[in-house]
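Numbering (the numbering used here), first residue to last: 1 to 475.
Here a beta-carbon is modelled for each residue, glycine too, at the ideal position from N, C-alpha and C.
These numbers come from a predicted model, not from an experiment.
Structure first, commentary second.
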């Protein structure tokens with residue numbers, strides 16, 4: 001019986017390996033000497049694609065390959081000298097050059113040269129010379145690991161670009177090619193357009209399985225369902241061909257159907273029941289090997305940006321899709337695996353993600369982050385009309401302090417802006433009221449003074465008249 005593989009890389013000859021368009025595109029591009037890169041979310045089959053392509057290139061005599069997982073070199077507490085030497089060492093070891101040169105001694109003899117220059121010189125004077133006839137393919141996996149280095153890596157990507165451009169001057173470089181794999185965007189890795197190899201390389205899109213591509217997986221359901229192909233179609237309805245979820249759900253069906261085969265006509269109900277009981281309900285405790293928690297953590301790990309990512313995902317849930325605009329937030333949502341781009345639109349990758357990371361989940365996450373979550377929800381519920389739900393005074397100042405340096409959603413900024421305007425208007429009204437009160441007080445004081453003055457005047461007149469009368473009487 002076919003055994004489904006959940007997590008990790010699949011061997012090149014694994015019967016559950018599904019060949020996709022990316023397999024053919026990557027092999028063809030590398031065979032033609034193109035610099036290639038596969039940058040997408042985790043657990044989409046990048047490492048399995050690398051293994052499969054490497055084996056095919058070597059089996060068909062297209063050249064020699066060296067596959068390096070950059071996590072093997074490390075990124076914490078490592079100097080540029082150590083990192084570049086580590087990369088040279090992996091190439092030296094995997095291309096079998098131990099008998100050709102003593103790498104540590106050779107490297108040390110170059111003295112104070114910059115490490116990237118040492119690696120460049122080593123590739124030209126040792127690697128290409130030791131393999132004078134065969135094409136050489138360098139596969140670098142987990143390329144996003146360079147973001148954890150304490151030093152800039154533009155020089156390394158500049159070297160990859162240099163190797164490609166050098167083909168015009170040195171024919172030996174035409175035999176050297178690179179394929180980069182990782183969870184990142186080109187701009188995440190290197191922003192300098194003069195250094196990046198990604199604007200001269202070929203991007204390999206790695207999509208989910210189509211029904212025709214995934215057809216071999218139905219072999220594992222033979223004898224467990226009356227119509228294995230219909231069961232597989234029901235699986236893809238939920239997973240949309242996401243490799244990890246597809247393999248996992250097929251494995252769950254394989255186990256569950258041992259007790260009771262899936263009858264014709266019940267495929268959709270049987271698969272949905274299993275999806276809800278084994279994947280969606282209490283998903284955090286059933287997420288083994290870890291997949292869904294990886295998506296969750298990628299969304300929430302950056303407190304400065306998570307609010308905007310959550311709000312973007314919330315828009316996808318409400319609207320179904322959004323026009324793809326290439327923004328950093330959309331790129332990050334795709335790298336999390338939660339969203340995919342298809343036909344110019346961004347949408348939630350599959351119904352399982354939509355059920356787990358639903359409106360309630362988003363609202364709970366936002367409520368934990370926003371100090372004004374309850375007031376904002378009430379304002380939205382009033383169709384943005386209830387100004388009493390806006391922030392004022394110290395509450396507004398606290399919210400603005402919290403929002404500083406964060407990348408928030410358009411709704412957050414709209415709410416804070418409306419609150420600022422409302423607060424300013426209330427302050428203005430209070431000042432105007434105080435001015436009116438002061439004017440009224442001044443007018444009352446003026447009138448009181450007039451009354452007092454007239455009183456004094458009347459009193460003085462009376463006294464004068466009395467004095468005159470007294471004098472007349474005396475005379």
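Could you have a look at residue 220 and say whether DSSP puts it in helix, strand or coil?
DSSP places residue 220 in helix when its eight states are reduced to three.
If you draw a straight line from the C-alpha of residue 209 to the C-alpha of residue 381, how long is it?
Cα-Cα distance, rounded: 40 Å.
Option in 127, 287 and 314 with minimal Cα separation from residue 299
By alpha-carbon distance to residue 299, the top candidate from 127, 287 and 314 is 314.
Tell me the residue span of the alpha helix (DSSP H) that contains residue 253.
Unbroken alpha helix (DSSP H) run through residue 253: 243–256.
Nearest-angstrom Cβ-Cβ length linking residue 217 and residue 352, presumed shorter than 8 Å
Contact between residue 217 and residue 352 does not hold, since their C-beta atoms are separated by about 17 Å, which reaches or exceeds 8 Å.
Curious, which full-length alpha helix (DSSP H) runs of at least 4 residues does the region 271–321 contain?
If we require 4 residues or more, the alpha helix (DSSP H) runs fully inside the region 271–321 come out as 283–286, 292–300 and 306–319.
Can you say whether residue 38 is buried or exposed, counting buried as having 16 or more other CB atoms within 10 angstroms of its CB?
Burial of residue 38 is indicated by the presence of at least 16 other C-beta atoms within 10 angstroms of its C-beta.
Touching or not, the region 39–50 and the region 2–12, by the rule of three or more beta carbon pairs under 8 Å?
Yes, they touch.
May I ask you to verify whether the region 62–74 touches the region 139–149, counting CB pairs closer than 8 Å and requiring at least 3?
Yes, the region 62–74 touches the region 139–149.
List the DSSP bridge partners of residue 36.
Per DSSP, 179 and 202.
Neighbourhood of residue 221 by C-beta distance below 6 Å, restricted to the same chain and skipping five residues each side
If the five residues before and after residue 221 are omitted, its C-beta is found closer than 6 Å to the C-beta atoms of 228 and 231, all from its own chain and listed in chain order.
Excluding five sequence neighbours on each side, which residues of the same chain lie with their C-beta closer than 7 Å to the C-beta of residue 89?
The beta carbon of residue 89 is closer than 7 Å to those of 103 in its chain, skipping five residues each way along the sequence.
Between 284, 286 and 53, which has its C-alpha nearest residue 36's C-alpha?
Per the C-alpha coordinates, the member of 284, 286 and 53 positioned closest to residue 36 is 53.
Apart from the five residues just before and just after residue 340, which ones in its own chain have a Cβ nearer than 6 Å to its Cβ?
Leaving aside the five residues that flank residue 340 on each side, the residues in its chain whose CB is nearer than 6 Å to its CB run, in chain order, 349.
Does the beta-carbon distance from residue 347 to residue 320 come in below 8 Å?
With a cutoff of 8 Å on beta-carbon distance, residue 347 and residue 320 are scored as near each other.
Cβ atoms of residue 263 and residue 226: under 8 Å apart, would you say?
Their beta carbons are under 8 Å apart, which means residue 226 touches residue 263 by this criterion.
Going straight from the alpha carbon of residue 151 to that of residue 96, what length do you get?
Each residue's Cα considered, the two are about 29 Å apart.
Could you give the C-beta distance for residue 400 and residue 418, rounded to a whole number, given that I count them as a contact under 8 Å?
Incorrect: roughly 13 Å between the Cβ atoms, too far for contact.
Just to confirm, is the Cβ distance from residue 161 to residue 167 under 8 Å?
Not a contact, by the Cβ cut-off of 8 Å.
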